[in-house]
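Trainee: Have a look at the structure that comes next, please.
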Amino acid sequence: MVALVAAVYGAASVFAQEANMTVRVTSPVNKERVTECSDITLRAEASIQTGTIRIVYFYQGGKSLASDRTEPYEYVWKNVPRGLYEITARAVDSDNNEVFADPVRFFVGDIQDGNLVKNGEFYCRTWPWSFSNYAGAIGSFMIDNTAWLSDSSAAYLQIDTPGEFDYNIQLYQDIPVDSGHTYTISFLADALRDRQIAIVFQLGHDPWTTYFYQTIDIAGFDLYGPYEFICTVNDPEARFLFNVGQFTGDVLIDDVRIIDPLATGVESRPEAGTISSISDYVLLQNYPNPFNPRTKISYILNREARVRLSVMNLMGEEVARLVEGHQPGGQHGVWFDGGSHASGVYIIKLIANGQVQTGKMLLLK
Numbered sequence: 008m009v010a011l012v013a014a015v016y017g018a019a020s021v022f023a024q025e026a027n028m029t030v031r032v033t034s035p036v037n038k039e040r041v042t043e044c045s046d047i048t049l050r051a052e053a054s055i056q057t058g059t060i061r062i063v064y065f066y067q068g069g070k071s072l073a074s075d076r077t078e079p080y081e082y083v084w085k086n087v088p089r090g091l092y093e094i095t096a097r098a099v100d101s102d103n104n105e106v107f108a109d110p111v112r113f114f115v116g117d118i119q120d121g122n123l124v125k126n127g128e129f130y131c132r133t134w135p136w137s138f139s140n141y142a143g144a145i146g147s148f149m150i151d152n153t154a155w156l157s158d159s160s161a162a163y164l165q166i167d168t169p170g171e172f173d174y175n176i177q178l179y180q181d182i183p184v185d186s187g188h189t190y191t192i193s194f195l196a197d198a199l200r201d202r203q204i205a206i207v208f209q210l211g212h213d214p215w216t217t218y219f220y221q222t223i224d225i226a227g228f229d230l231y232g233p234y235e236f237i238c239t240v241n242d243p244e245a246r247f248l249f250n251v252g253q254f255t256g257d258v259l260i261d262d263v264r265i266i267d268p269l270a271t272g273v274e275s276r277p278e279a280g281t282i283s284s285i286s287d288y289v290l291l292q293n294y295p296n297p298f299n300p301r302t303k304i305s306y307i308l309n310r311e312a313r314v315r316l317s318v319m320n321l322m323g324e325e326v327a328r329l330v331e332g333h334q335p336g337g338q339h340g341v342w343f344d345g346g347s348h349a350s351g352v353y354i355i356k357l358i359a360n361g362q363v364q365t366g367k368m369l370l371l372k
């Protein structure tokens, strides 16, 4: 039976910290619109009545981006692709007390309502797309700035040695899915010769459960789709993939769109770990990370919520339930002790009023 851990820091301790120390994000401002591919200066103001501020951390979607130990507390985030982002800051004093800023959400570039894909036009850089080769297949992924499918830039997938199966070479990004939602998928593509690829939604780790699979014949430059995926699972760790590994022939891909009519816009998702939707609840990166044996998991509730906070192994098994019950709005924290668990990657899972957010942490012994 999973033990319920009681080391929860409630609103009283948060307000006590805020009485002595404050921090707020001053740039960008909430709901600001920024040109895509630009460099964005993240800036925070922190103050303390008694003691010294030791460091200020910046977070995007709950994952640490950078830190600064001197005023002005700032970080230049370079070449930011199109998307809706959520930034917060954490100030820590010399006694390791801490306080979080209210989250700030801002837009980069033009965002189609309901489009869940980040950097689907392959501007600026490859992030947050990832590329993998398996079982002896060899390929590479780069940005082609002379492609001119929807514009000058596109993903260029070079296939040097194909594999036995299409999944032997993959281009992918993590996109959470929700049961009862219908997703429409479309993209522009071209290939050096006619060939087949596949688009896939699946669980992003072992056992790699497949939720949607569609083979597509690429026969010259065209708009492919829309393909409809009616989802029957809730999976904050789902992954969308282009499987291109089974045949020869390099592939160009651009203007990737996955539209969820029930969504409000492109999601703010970290490079590692996910936020399932733009919501009133923010799961922040645990600290320290990696850790041995204890780490603090923090999260922000913008309003009262019924909360369950759990730690899962990579098999999806719950190894600890840290919080269960109603909590007021505000900043909360709980310590997780991994002393009785094996080294490895663990998943933090926050469910607040039915919305799911996850993150990853690493226990090193």
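Count along the sequence shown from 1, add 7, and you get the number used in this note's numbering. Glycine included, each C-beta is placed from N, C-alpha and C at the ideal position. Bear in mind that the values here come from a model prediction, so they are computed numbers and not experimental data.
Less than 8 Å between the C-beta atoms of T189 and V106, yes or no?
Mentor: Contact flag unset, no.
Trainee: Going by other Cβ atoms of all chains shown within 10 Å of its Cβ, with 16 needed for buried, is N103 buried or exposed?
Mentor: Answer is exposed; the Cβ neighbour count stays below 16.
Trainee: Which one of N37, S45, S74 has the shortest CA to CA distance from A53?
Mentor: Taking only the C-alpha atoms, the option nearest A53 is S74.
Trainee: If you reduce the DSSP assignment to three classes, tell me which class D173 lands in.
Mentor: Here D173 sits in helix by DSSP.
Trainee: Give the DSSP-derived three-state secondary structure of N27 in the structure shown.
Mentor: Here N27 sits in helix by DSSP.
Trainee: Out of R202, Y288, V184, which has the shortest C-alpha to C-alpha gap to T239?
Mentor: Cα-wise, what sits closest to T239 is V184.
Trainee: Alpha carbon to alpha carbon, how far is F65 from G340?
Mentor: The alpha-carbon atoms of F65 and G340 are separated by roughly 17 Å.
Trainee: Using a threshold of 8 Å, state whether the C-beta atoms of N250 and Y174 are closer than that.
Mentor: Cβ atoms of N250 and Y174: closer than 8 Å.
Trainee: In terms of residues, what are the limits of the beta strand (DSSP E) holding K38?
Mentor: Neither: K38 is in no beta strand (DSSP E) and is coded neither H nor E.
Trainee: How is the beta strand (DSSP E) around K372 delimited, first residue to last?
Mentor: Segment: none, K372 is in no beta strand (DSSP E) and carries neither H nor E.
Trainee: Which runs of the beta strand (DSSP E) fall wholly inside the segment 284-356 and span at least 3 residues, in chain order?
Mentor: Qualifying beta strand (DSSP E) stretches, in chain order: 288-290, 301-308, 312-319, 325-334, 337-344.
Trainee: Using three-state DSSP, classify F219 as helix, strand or coil.
Mentor: F219: strand per DSSP, three-state reduction.
Trainee: From A161 to P79, what distance separates their C-alpha atoms?
Mentor: Answer to the nearest angstrom: the Cα atoms are 38 Å apart.
Trainee: What did DSSP end up calling I150 once you bin it into helix, strand or coil?
Mentor: Correct three-state label for I150: strand.
Trainee: So what does A245 bridge to, in DSSP terms?
Mentor: Per DSSP, L210.
Trainee: Look up N103 in the DSSP assignment and say whether it is helix, strand or coil.
Mentor: Here N103 sits in coil by DSSP.
Trainee: Should L321 go down as buried or exposed, given a rule of 16 or more other Cβ atoms within 10 Å for buried?
Mentor: So L321 ends up on the exposed side.
Trainee: Restricting to Cα atoms, I'd like to know which of L269, D197, A51 is closest to V258.
Mentor: It is D197 whose Cα lies nearest to the Cα of V258.
Trainee: Please determine, among I265, I307, E81, the residue with the shortest C-alpha to C-alpha distance to Y231.
Mentor: Ranking I265, I307, E81 by Cα distance to Y231 puts I265 first.
Trainee: How should N152 be labelled, buried or exposed, when 16 other C-beta atoms within 10 angstroms of its C-beta is the threshold for buried?
Mentor: Exposed, by the Cβ-count rule.
Trainee: Taking only the alpha-carbon atoms, compute the straight-line gap between Y82 and M149 and give it to the nearest angstrom.
Mentor: Near 27 Å, if we compare the C-alpha coordinates of M149 and Y82.
Trainee: Specify the secondary structure class of K70 as computed by DSSP and reduced to three states.
Mentor: Note: K70 maps to strand in three-state DSSP.
Trainee: Is it a yes or a no for the segment 43-51 touching the segment 85-99, going by three-plus beta-carbon pairs under 8 Å?
Mentor: At 8 Å Cβ cutoff, the stretches touch.
Trainee: Which residue's Cα is closest to the Cα of D167: G252, R310, V330?
Mentor: When each option's Cα is compared against that of D167, the closest is G252.
Trainee: Where does the unbroken beta strand (DSSP E) through V111 begin, and where does it stop?
Mentor: From DSSP, the beta strand (DSSP E) with V111 extends over 111-115.
Trainee: Can you have a look at K367 and say buried or exposed, based on whether 16 or more other CB atoms are within 10 angstroms of its CB?
Mentor: When all chains shown are included, K367 counts as buried.
Trainee: Where do the N-terminal and C-terminal ends of the beta strand (DSSP E) with W84 fall, by residue?
Mentor: Note, W84: beta strand (DSSP E), 80-84.
Trainee: Is Y130 helix, strand or coil when you go by DSSP?
Mentor: Three-state result, Y130: coil.
Trainee: Can you give me the C-alpha to C-alpha distance between P169 and R313, rounded to a whole angstrom?
Mentor: Distance between the alpha carbons of P169 and R313 is about 49 Å.
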